[in-house]
Amino acid sequence: MFDRFSKGPVVHMCSEYDFDHAVGYIVQVREKRDAYGSEQYLVRHPNGELHTHENQSFWLLNEEHQGQALALFAQKPTEEGSDTVYTVAEGFPESGYIIPFKKGAPESENQHLTMAITITENK
Numbered sequence: 000m001f002d003r004f005s006k007g008p009v010v011h012m013c014s015e016y017d018f019d020h021a022v023g024y025i026v027q028v029r030e031k032r033d034a035y036g037s038e039q040y041l042v043r044h045p046n047g048e049l050h051t052h053e054n055q056s057f058w059l060l061n062e063e064h065q066g067q068a069l070a071l072f073a074q075k076p077t078e079e080g081s082d083t084v085y086t087v088a089e090g091f092p093e094s095g096y097i098i099p100f101k102k103g104a105p106e107s108e109n110q111h112l113t114m115a116i117t118i119t120e121n122k
């Protein structure tokens, strides 16, 4: 999804507004690593924490909003470095932005499925 962007696009991740968890910038994309075979995203949040995100939609902020958001981050994308090694779930360190899937690479076991059912009655 983000292979056409340079490292560090600022994205909005959820409808609830909690700045420290609703926005972040992508530091690494691991292909086919989530439980359903799609990408696993490592996202730096404004408070400096790094979290993995899977099976989730992202909305790319425009340039103006990216600048405004980044001003509030504890760590900036320029501080990440192109050779920074990120380790997820107690192992398998990787460096680089887009990490192709390799046979034997760990895959997420999280299989969360959220579903909303709406029942309507016509009167």
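With the first letter of the sequence shown counted as 1, position 50 gets the number 49 in numbering that gives the first Met the number 0; the numbers rise by one all the way through. Ideal placement from N, C-alpha and C gives every residue a C-beta, glycine not left out. Here the structure is a predicted model, which means the values were calculated and not measured.
For Glu-48, the closest alpha carbon among the candidates Lys-101, Ile-97, Val-87 is that of Val-87. Counting the other CB atoms within 10 Å of its CB gives Ile-97 a total below 16, which places it among the exposed residues. For the pair Ala-34 and Leu-59, the Cα-to-Cα distance works out to about 24 Å. Under the three-state reduction of DSSP output, Thr-83 falls in the coil class, being neither helix nor strand. In the assembly as shown, Glu-63 is an exposed residue. Its beta-carbon has fewer than 16 other beta-carbons within 10 Å.
For His-44, there is no enclosing alpha helix (DSSP H), since its DSSP letter is neither H nor E. Of the candidates Ile-25, Glu-38, Ala-21, Glu-30, Ile-25 places its Cα closest to the Cα of Glu-79. By the neighbour-count criterion, in which 16 or more other beta carbons inside 10 Å mark a residue as buried, His-50 falls on the exposed side. Around Val-84, the same chain offers Pro-92, Glu-93, Ser-94 as residues with beta carbons nearer than 8 Å, after the five sequence neighbours per side are excluded.
In this structure, His-20 is the residue among Lys-102, Asn-61, His-20 with its C-alpha nearest to the C-alpha of Val-42.
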